[in-house]
Each structure stands twice: as C-alpha cells, then as structure tokens.
Amino acid sequence: MNKYELALVLSPALDEEGRAAEVAKVQATLERFGAKIEKVDDWGKRKLAYEIAKVNEGFYSFTTFEAPAAAPAEIEARMRIMENVLRYLIIRKDA
C-alpha cells in the first residue's frame, strides 16, 4: 500500500449541498478501489490561475489516502467522466 494525495477542483456552480455530495462521491470511489482515507482538507472557493471550461473559480479539496499501487489509474478513469470535476491530480507521497 502506498500513500497518495488527491487534489481536486470542483465546479463553482455547485451549492454547498452539491459540493458535499460530489466530495462524498469521490470518497466512495476511492474506497471502492481499496483506499483508506486518512485526511480531507477542504480549501473552499478559490480563484483559478487560468480559465478552465469558461470559469475563473473552483472549489478546492485535498484528500490524503493509502491505496494499492493499481488504484490511482482506476480512480483517475472514474474522475475523468465526472461532470463537476474541473481538474484532478493524484500524486504518490514519499513514505
């Protein structure tokens, strides 16, 4: 099992309930592929460095988790098709 960090930028069009539901959906996806969530850090709405999909803001969320080596590829495949996810990045953290 390796440690990973997921950086997630969600659409600013979501309300508070929609954002919470989207983060819960992402966490369920992580757990489906054997991830153990260690920490969730919600940064709230921030200005983007550049325009993405004609928006200038997004909700930032960072999740630290532990998962098998094959899990990030499967998780990224699911994240790619989520409509409210503007950007995502999974990095492996050093032990």
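As numbered in my numbering, the sequence shown has no gaps in its residue numbers, which increase by one up to the final residue, 95.
Cβ coordinates follow ideal geometry from the N, Cα and C atoms, glycine included.
Rounded C-alpha distance that separates residue i from residue j
i	j	result
Gln27	Ala70	17 angstroms
Met82	Leu89	14 angstroms
Arg19	Pro72	22 angstroms
Ala35	Arg87	20 angstroms
Ala77	Lys25	14 angstroms
Ile37	Val23	12 angstroms
Closest Cα partner of residue i within the set the options
i	options	result
Asp94	Phe65, Ile52, Arg78, Asn56	Phe65
Phe59	Ala7, Lys3, Asn2	Ala7
Val85	Val40, Ala13, Pro68	Ala13
Glu57	Ala67, Glu17, Arg46	Arg46
Arg80	Lys36, Leu10, Ile37	Leu10
Residue interval of the alpha helix (DSSP H) (run including residue i)
i	result
Ile37	Per DSSP, Ile37 belongs to no alpha helix (DSSP H); it is in the beta strand (DSSP E), 36–52.
Leu30	16–32
Ala67	Not the alpha helix (DSSP H): Ala67 falls in the beta strand (DSSP E), residues 55–67.
Glu83	First-last for Glu83: undefined, no H or E at that position.
is_contact[residue i, chain D] using C-beta, thresh 7 angstroms
i	result
Ala53	Absent from the structure is chain D; it holds one protein chain and no more.
Within 7 angstroms, strictly: CB atoms of residue i and residue j
i	j	result
Phe33	Ile75	yes
Residue i Cβ short of 6 angstroms to the ligand MN heavy atom set
i	result
Trp43	This structure does not include the ligand MN; it has no bound ligands of any sort.
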